[in-house]
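Residue numbers (my numbering): 136 to 284.
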């Protein structure tokens, strides 16, 4: 369990360091760094859900807090000036369907907040909440992300 705590703490610190370096200067780099942190949190939480990592309520909660803090203000990380460049994977649909994108990011914030609470309630509740959160992530990636090879 100590290893899980160390991994969660490490990516939490990395998320703060990596994100603050680019906030003002490069929205594409900023959101890419944020999504890397989301990916790290997903790997920890997904590992617990799949049984590859022993479930730990605190580690699950911390991973979901990373997700929830990333969800906060996510839609504002896509200004018009960041439609292209920086090897972005953001699909043009983000700007073409801003209302739909904003609605999906709001659902991401709600689902991640629910997963924070569920992590405290136990493994069964966490698995259910994580499933809903993962569906939200998948929907956004399908509709609003360009998959690059």
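Glycine included, every Cβ here is placed at the ideal spot set by N, Cα and C.
What you are looking at is a predicted structure, and each value in this text was computed from that prediction instead of being measured.
Quick check: the stretch 198-207 against the stretch 242-254, are at least 3 beta-carbon pairs closer than 8 Å?
Counting C-beta pairs with one atom in each stretch, the stretch 242-254 and the stretch 198-207 have three or more that are closer than 8 Å, which means they touch.
Taking its Cβ as the centre, do 16 or more other Cβ atoms sit within 10 Å of residue 264, making it buried, or is it exposed?
It counts as buried.
From 208, 262, 177, residue whose alpha carbon lies closest to that of residue 165:
With distances taken between Cα atoms, residue 165 lies closest to 208.
I need the straight-line Cα distance from residue 100 to residue 183, nearest angstrom please.
No information on residue 100 is available, as it lies outside the stretch 136 to 284 that the chain covers here.
Check this for me: beta carbons of residue 162 and residue 213, under 9 Å apart or not?
Taking 9 Å as the Cβ cut-off, residue 162 and residue 213 qualify as a contacting pair.
Among residues of its own chain, excluding the 5 on either side of residue 278, which ones have a beta-carbon nearer than 7 Å to its beta-carbon?
Answer for residue 278: 228, listed in chain order.
Three-state secondary structure (DSSP) of residue 180
Correct three-state label for residue 180: helix.
For residue 128, name the three-state secondary structure that DSSP assigns.
Outside the shown range of the chain (136 to 284) lies residue 128, about which nothing can therefore be said.
Any idea if residue 234 is buried or exposed, counting beta-carbon neighbours within 10 angstroms, 16 or more meaning buried?
Counting Cβ neighbours within 10 Å, residue 234 comes out exposed, since fewer than 16 surround it.
Any beta carbon from chain D within less than 9 Å of residue 279's own beta carbon?
Among the protein chains of the structure shown there is no chain D, as only one such chain exists.
Under the rule that 16 or more other beta-carbon atoms within 10 Å means buried, what is residue 238, buried or exposed?
Under this definition residue 238 is an exposed residue.
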